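As structure tokens, the structure follows; a few thoughts come after it.
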Amino acid sequence: MAAVELLQGAAPAYPSVAPLRLPKLAVIIPALDEEETVGQVIASIPRFIPGVGAVEVILVDDGSRDRTQKRAIAAGADAVCAHIQPRGLVEAFKAGVHEALRRGASIVVNLDADGQHDPQFIPQLVAPILAGEADIVLGVRPLAEAGGEMSAMRRHGNRVGSWVAGRALGLSLSDATSGYRAFSREALLRLNVLSDFTYTLDTIIDASRKRLSVAEVHVPVRRRMVGESRMTHSILGYIRRTGGQAAVSMIRRRLPAVFGRLTAGSAVIALFLTGLFLWRYQGGGAGRHLPALLASTVSWMITVGFFVCTMLAAGIDTSRRLLEDALYAIRRLELDNADG
């Protein structure tokens, strides 16, 4: 469990006038050795947004060895979640979300600490959630336009990957890997991130399966203030890890459908081979039907195997859904008790 340091004073216990309850926005900033940029990023976050009652900034220090925490506190961070040693982007994201929800946030925005995400676009990012039009909003970059901080290879790679992901998930995605995004409280209670490399694609895949609404808001591309990205310093390595984990996540979440299609395809082949066997058997000829008989038998055995796997996958999927419902109920109960 990450250590949490509170930096904001408690609100008055008995306000004289009960204010209109507006949603609270929490901005979580995962950071690892970002002392040169984190202060400027936090200072640029708008603290007054129409339709939002309060804006809090939560730094998730993922084992920094420099003055990242001190710079963040000096710039106005409201809380710090500190990891003793680096755990990776996914764990930092989870820690930030947990703390944001614990502090009563209705909307959570994830913002990079390196300056590539412009905090001034936070109001546009949360507007669809405030209007009840979306559960998740992606701050997408203009990948079709040349220039900016992204190389042509990265831009076109992201465009192709986003198109493939959109087609597979039934969503219209133009920048699936953007980490600049907003989540509603309800979406975060329902989402489960299983990847250990990056949460960006995993959350979209899970959102598609759970029928959560995903919207996009266009934001400009900004150059990284200092250094280079730790995630994409090796483009081929990033594509290999991200693409591989995305494929595993899609298959894992759709196992019954995958094995169902394999069963149907295998059954078609088995029927064809059975018909071929019967045709050759009736036609006579010494042993002409034996290869078809062998192939038909093997095909039916494979079909039965796929069918059994389909039933097992359906049972696993049902158990997972029940566990996710139970986990959702536990999360709601914990937050309700914390709010009470």
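Residue numbering for the sequence shown follows the working numbering, beginning at 36 and increasing consecutively.
Each residue gets a CB set at the ideal place from its N, CA and C atoms; glycine is no exception.
Quick caveat, the model's predicted, so the values are computed rather than measured.
Would DSSP call residue i helix, strand or coil?
i: TYR363; result: helix
i: ALA203; result: helix
i: PHE83; result: coil
i: PRO163; result: helix
i: GLU251; result: strand
i: VAL333; result: helix
i: GLN104; result: helix
i: GLU369; result: helix
i: LYS129; result: helix
i: ALA109; result: helix
i: THR238; result: helix
i: LEU229; result: coil
i: GLN120; result: coil
i: ASP68; result: coil
i: ARG376; result: In this structure the chain extends from 36 to 375, so residue 376 is not present and cannot be described.
For residue i, write down the residues that DSSP places opposite it in a beta bridge.
i: HIS152; result: Bridge partners of HIS152: none, in fact.
i: ILE63; result: ILE93 and ASN145
i: PHE218; result: VAL143 and ILE171
With a threshold of 6 Å on Cβ separation, who are the neighbours of residue i within its own chain once the five nearest residues in sequence on each side are excluded?
i: PHE218; result: VAL143 and ILE171
i: PRO154; result: SER79 and ILE80
i: THR309; result: SER331
i: ALA89; result: LYS59
i: SER414; result: Lying outside 36 to 375, the shown extent of the chain, residue 414 is not represented and no answer is given.
Which same chain residues end up closer than 7 Å to residue i when comparing Cβ atoms and leaving out the 5 residues on each side of it in sequence?
i: ARG366; result: LEU224
i: VAL339; result: none
i: GLY205; result: SER243
i: ARG250; result: A quick correction: the sequence has Ala, not Arg, at residue 250. These residues qualify, in order along the chain: PRO163, GLU168, ALA169 and VAL172.
i: ARG176; result: ASP210, SER213, VAL254 and VAL256
i: VAL132; result: ILE63, VAL143 and LEU223
i: ASP97; result: PRO65, ALA66, LEU67, HIS118, PRO121, ARG122 and ALA127
i: THR298; result: THR338, PHE341, PHE342 and THR345
i: ALA107; result: VAL73, GLY74, ILE77, LEU94 and VAL115
i: ALA327; result: LEU308, LEU311, PHE312 and ARG315
i: LEU290; result: ALA348, ILE351 and ASP352
In chain order, what residues of the same chain have a beta carbon less than 8 Å from the beta carbon of residue i, not counting five sequence neighbours either side?
i: ASP68; result: SER99, ARG100, ASP101 and THR103
i: PHE128; result: ILE63, PRO65, VAL95, ASN145, VAL228 and TYR234
i: VAL252; result: PHE156, GLN159, LEU160, ALA162, PRO163, VAL172, LEU173, GLY174 and VAL175
Tell me whether residue i, by its Cβ, gets closer than 6 Å to a heavy atom of the ligand ADP.
i: GLY150; result: Because no ligand of any kind appears in the structure shown, any question about the ligand ADP cannot be addressed here.
Closer than 8 Å is the cut-off here; do at least three beta carbon pairs connect the region 117-130 with the region 70-87? no
Counting pairs of beta carbons, one from the region 132-141 and one from the region 194-212, are three or more of them closer than 8 Å? no
Can at least three beta-carbon pairs, one atom from the region 233-249 and one from the region 161-176, be found at a separation below 8 Å? yes
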